[in-house]
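Contents: one structure, followed by commentary.
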Amino acid sequence: MLELLRRQATEVAPLLLGAVVRVGDVAVRLTEVEAYMGEGDPGSHAFRGLGKRNAVMYGPPGHLYTYFTYGMHTCANVVCMPEGVASGILLRAGEVIEGADLARERRTTSRKPADLAQGPARLAVALGIRLDDAGDNLESGRVRLELPQSRAPFSAGPRTGVAGEGGSNSYPWRLWIPGEPSVSPYRPAVKRKRS
DNA sequence: GTCGAGATTATCT
DNA sequence: GATAATCTCGACC
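Counting from 60, one number per residue, gives the positions in the first sequence under the numbering used here.
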């Protein structure tokens, strides 16, 4: 598996669609992911170079990169590219296929099954992924990744909610499996107001 | 049903 | 002190 994850994010991302992420008794089949290149990608956390937060992304592939954002949300990524090169894939959404009862318990605001892991932060909550799971080995750690037997069909579009204007968001690096109810609706812009 | 603003804190400047 | 790879809730149609 590590050989497959050693390539650049845009090549690895299609392989993750249909993959299963398992944490304890809860398993999620990924239906939506987003590729982030390293220091050359303005939307990436690695754009400004190595820091405490993104150190894991510079590490070896096949590990879990988590980050905290908007003061209350945790998101999970899969690190790819060899050690020393920052690159990762954000797990945006998925379908809970095991442990739905437990996932529902964690996601008390969810009303329909499709909402359980519809969005990066929701997916992390449903799986019980926390900030301190960063750096976990996806083959032997608490968080496991199982690649699918065959590649799923997918569509591509612009990434959502990334920082930067115009051009930085023009790459079609958001991939999803068409027709899946758990795929989050596209949000073209994020209105940001500061008080 | 859709749309828009507020929440809340680790990390970086 | 400002920012952020988001979610939720309340207002309105």
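Positions of the beta carbon are idealized from the N, C-alpha and C atoms, including for glycine.
The alpha helix (DSSP H) with residue 74 in it runs from where to where?
For this step, residue 74 is matched to residue 15 along the first sequence. Here the alpha helix (DSSP H) through residue 74 covers 68-75.
Can you tell me where the beta strand (DSSP E) with residue 255 in it begins and where it stops?
The shown model of the chain, from 60 to 254, leaves out residue 255, and the question about it has no answer.
Other residues of its chain near residue 240: CB distance less than 6 Å, five sequence neighbours each side excluded:
Here residue 240 is taken as the residue at index 181 of the first sequence, counted from 1. Only 173 meet the Cβ criterion.
Using 8 Å for Cβ pairs, my map puts residue 235 next to residue 90. What's the rounded Cβ distance?
The count along the first sequence starts at 1 and reaches residue 235 at position 176. The count along the first sequence starts at 1 and reaches residue 90 at position 31. Yes, residue 235 and residue 90 are in contact; Cβ-Cβ is about 6 Å, under 8 Å.
Is it true that the CB of residue 149 sits closer than 9 Å to the CB of residue 193?
Numbered from 1 along the first sequence, position 134 holds the residue referred to as residue 193. Numbered from 1 along the first sequence, position 90 holds the residue referred to as residue 149. Result no, Cβ atoms of residue 193 and residue 149 do not sit closer than 9 Å.
Start and end of the beta strand (DSSP E) containing residue 233?
Locating residue 233 in the first sequence gives position 174, where the first residue counts as 1. Residues 233-235.
Please name the residue, chosen from 107, 179, 87, that lies closest to residue 146 on a Cα-to-Cα basis.
Residue numbering aside, residue 146 sits at position 87 when the first sequence is read from its first letter. Ranking 107, 179, 87 by Cα distance to residue 146 puts 107 first.
Cβ of residue 81 within 9 Å of Cβ of residue 204?
The count along the first sequence starts at 1 and reaches residue 81 at position 22. The count along the first sequence starts at 1 and reaches residue 204 at position 145. Yes, Cβ-Cβ distance for residue 81 and residue 204 is below 9 Å.
Using only the alpha-carbon positions, how far apart do residue 132 and residue 188 sit?
Here residue 132 is taken as the residue at index 73 of the first sequence, counted from 1. Here residue 188 is taken as the residue at index 129 of the first sequence, counted from 1. Cα-Cα distance, rounded: 11 Å.
Would you say residue 76 and residue 92 are within 9 Å of each other, going by their C-beta atoms?
Here the question's residue 76 lines up with position 17 in the first sequence. Here the question's residue 92 lines up with position 33 in the first sequence. Yes, Cβ-Cβ distance for residue 76 and residue 92 is below 9 Å.
I think residue 151 touches residue 110, with their Cβ atoms under 8 Å apart; what is that distance to the nearest whole Å?
Looking up residue 151 in the first sequence gives position 92. Looking up residue 110 in the first sequence gives position 51. Going by Cβ atoms, the distance from residue 151 to residue 110 rounds to 23 Å, so no, they are not a contact pair.
Range covered by the alpha helix (DSSP H) that runs through residue 164
Walking along the first sequence from the start, residue 164 turns up at place 105. Segment 159-165, the alpha helix (DSSP H) holding residue 164.
Judging by CA-CA distance, which residue of 170, 157, 213, 114 is the nearest neighbour of residue 83?
On the first sequence, position 24 is the one that residue 83 refers to. Residue 157 is the option with its Cα nearest to residue 83.
Under 8 Å by Cβ, that's how I've got residue 140 and residue 65 pegged, so tell me the actual separation to the nearest angstrom.
To locate residue 140, count along the first sequence from 1; it is residue 81. To locate residue 65, count along the first sequence from 1; it is residue 6. Residue 140 to residue 65, Cβ: 7 Å. Contact.
Straight-line gap, residue 170 to residue 78 (C-alpha atoms, nearest Å):
By one-based count along the first sequence, residue 170 stands at place 111. By one-based count along the first sequence, residue 78 stands at place 19. Taking the straight line from one Cα to the other gives about 25 Å.
Between 72, 99, 181, which lies nearest to residue 155 when the distance is taken from Cα to Cα?
For the purposes of this step, residue 155 is identified with residue 96 of the first sequence, where counting begins at 1. Of 72, 99, 181, the residue nearest in Cα terms is 181.
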